[in-house]
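Comments concern the structure below.
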Amino acid sequence: MNFSKVHIMQKERDPLNLSSLPLAAPPADNWPEIKRALLRQSRRQRFLRLAGGSLAAAAAVTLAIGLFVQQPLPQPAEVRPAPDSLITLSQQLESSIRSYREEVGGMPTDSLIYQVEIEDLIAQVDEELSVSPDSTQLWSQRVNLLLDLSQLYENQLRRDYDRMASL
Amino acid sequence: MAKTPFDIELDEMTLARARRGNVDACETIFRKFQQPAFSVAYRLCHCRETAQEVSQEAFITAFRKIRQFRGDSPFWGWLRRVVVNHAISHLRKGPKMDPVELQDYHGKAEATSEQVGMAMDLESALAALEPEDRAIVWLHDVEGYNHKEIAGLFGKTESFSKTRLSRTRARLKKLLEAGPSLQCAHEALAR
Numbered sequence: 024m025n026f027s028k029v030h031i032m033q034k035e036r037d038p039l040n041l042s043s044l045p046l047a048a049p050p051a052d053n054w055p056e057i058k059r060a061l062l063r064q065s066r067r068q069r070f071l072r073l074a075g076g077s078l079a080a081a082a083a084v085t086l087a088i089g090l091f092v093q094q095p096l097p098q099p100a101e102v103r104p105a106p107d108s109l110i111t112l113s114q115q116l117e118s119s120i121r122s123y124r125e126e127v128g129g130m131p132t133d134s135l136i137y138q139v140e141i142e143d144l145i146a147q148v149d150e151e152l153s154v155s156p157d158s159t160q161l162w163s164q165r166v167n168l169l170l171d172l173s174q175l176y177e178n179q180l181r182r183d184y185d186r187m188a189s190l
Numbered sequence: 052m053a054k055t056p057f058d059i060e061l062d063e064m065t066l067a068r069a070r071r072g073n074v075d076a077c078e079t080i081f082r083k084f085q086q087p088a089f090s091v092a093y094r095l096c097h098c099r100e101t102a103q104e105v106s107q108e109a110f111i112t113a114f115r116k117i118r119q120f121r122g123d124s125p126f127w128g129w130l131r132r133v134v135v136n137h138a139i140s141h142l143r144k145g146p147k148m149d150p151v152e153l154q155d156y157h158g159k160a161e162a163t164s165e166q167v168g169m170a171m172d173l174e175s176a177l178a179a180l181e182p183e184d185r186a187i188v189w190l191h192d193v194e195g196y197n198h199k200e201i202a203g204l205f206g207k208t209e210s211f212s213k214t215r216l217s218r219t220r221a222r223l224k225k226l227l228e229a230g231p232s233l234q235c236a237h238e239a240l241a242r
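In order, the protein sequence lines correspond to chains A and B. Just so you know, we're using the working numbering here: the first sequence kicks off at 24 and counts up by one. Just so you know, we're using the working numbering here: the second sequence kicks off at 52 and counts up by one.
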């Protein structure tokens with residue numbers, strides 16, 4: 024493609040030549056803040072991995088003791104909600120989260136990372152649900168994660184409200 | 052077609068290290084893309100404080116989700132999408148606006164006073180637009196987004212994007228022809 028063709032295409036695409044405006048320069052270097060957030064997040068993940076490992080070890084020990092004693096304790100009747108009610112609850116939570124999102128102002132970095140983590144986990148559960156759409160366990164997990172997310176937004180809205188009230 | 056300022060190459064090694072959570076690699080990426088990220092956020096939000104906030108949030112999200120980048124398109128396109136999504140979401144929450152300033156033109160020895168004057172007229176005309184219109188014209192004309200992509204960002208139809216773009220271009224043209232006095236009046240009305 025020759026230069027004049029490129030020039031004509033560019034003129035059509037950007038007739039007012041907005042791309043001639045210079046890049047805006049950031050007022051400050053925000054890397055230190057981003058780095059702090061990334062390090063906090065990796066510490067949290069390490070902690071969760073360790074906590075997960077300890078829980079798995081504790082579960083294995085409990086199982087081993089149970090097998091050794093072979094006298095299972097009487098189990099309380101399990102009350103499991105039906106997937107239908109969990110799906111409805113999940114839809115209701117999503118709708119309230121959507122409206123929170125529209126109201127809430129900027130999130131502090133900590134909450135933002137937590138929000139992204141919860142959303143990642145929801146995406147993982149959704150992937151598993153696409154394979155087993157009727158799993159009560161997966162729907163329960165989804166509802167719990169949505170409750171966490173909703174709580175996060177409620178806290179932020181409360182903080183926004185307090186800040187406005189103090190003005 | 053002119054390249055968007057985001058179009059910066061990133062070597063595979065840095066990307067791979069960042070995907071493994073290496074903070075130094077993340078810093079390299081940040082240093083490469085800091086200015087275009089801030090700049091596009093500023094062009095969409097028209098407020099330096101908001102743009103700084105938006106670009107910071109966008110980088111944190113991008114590094115957090117960098118494993119989701121599949122590598123079937125350039126990295127800059129993926130990162131720009133993250134920044135633009137954050138900016139649009141801030142825009143929806145109610146925009147704040149800075150007055151038009153000369154600070155991005157300071158120290159630009161290569162720019163003549165006439166070029167600076169023309170750029171300032173363009174800046175003032177952009178400032179007189181509705182935030183959504185400004186975002187649409189910038190994303191289409193400078194960043195090279197197509198109507199389908201713009202429609203997706205705003206949750207509207209392609210014809211919405213086409214209509215708004217042509218109306219906004221006409222308005223910009225009129226503002227530029229009218230010169231600074233009319234733009235000042237528009238800015239004063241907007242305040």
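Here a beta-carbon is modelled for each residue, glycine too, at the ideal position from N, C-alpha and C.
- Residue state for K144 of chain B is assigned as coil, using DSSP reduced to three classes.
- A distance of 8 angstroms or more separates the beta carbons of S113 of chain A and W54 of chain A.
- One Cα belongs to P49 of chain A, the other to V91 of chain B, and the distance between them is close to 11 angstroms.
- Counted as a single uninterrupted DSSP element, the stretch harbouring L44 of chain A is not any alpha helix (DSSP H), since DSSP gives it neither H nor E.
- Going by DSSP, S210 of chain B is part of the alpha helix (DSSP H) stretching over 209–229.
- In summary, V134 of chain B is buried, with 16 or more beta-carbon neighbours lying within 10 Å of its beta-carbon over all protein chains present.
- Only residues of its own chain outside the window of five on either side were considered, and among them Q138, Q179 have a CB closer than 7 angstroms to the CB of M130 of chain A, listed in chain order.
- Judged by DSSP in its simplified three-state form, H198 of chain B adopts helix.
- In the structure shown, the three-state DSSP call for F57 of chain B is coil.
- Per the Cβ contact rule, the region 103–121 of chain B is not in contact with the region 191–210 of chain B (fewer than 3 Cβ pairs under 8 angstroms).
- Between D143 of chain A and L142 of chain B, the alpha-carbon positions lie close to 24 angstroms from each other.
- R121 of chain B counts as exposed, since fewer than 16 other C-beta atoms from the protein chains shown sit within 10 angstroms of its C-beta.
- Interface with chain B (8 angstroms Cβ-Cβ cutoff): S118 of chain A is excluded.
- DSSP, reduced to helix, strand and coil, places S134 of chain A within a helical segment of the structure shown.
- Between L190 of chain B and F126 of chain B, the gap from beta carbon to beta carbon reaches 8 angstroms or more.
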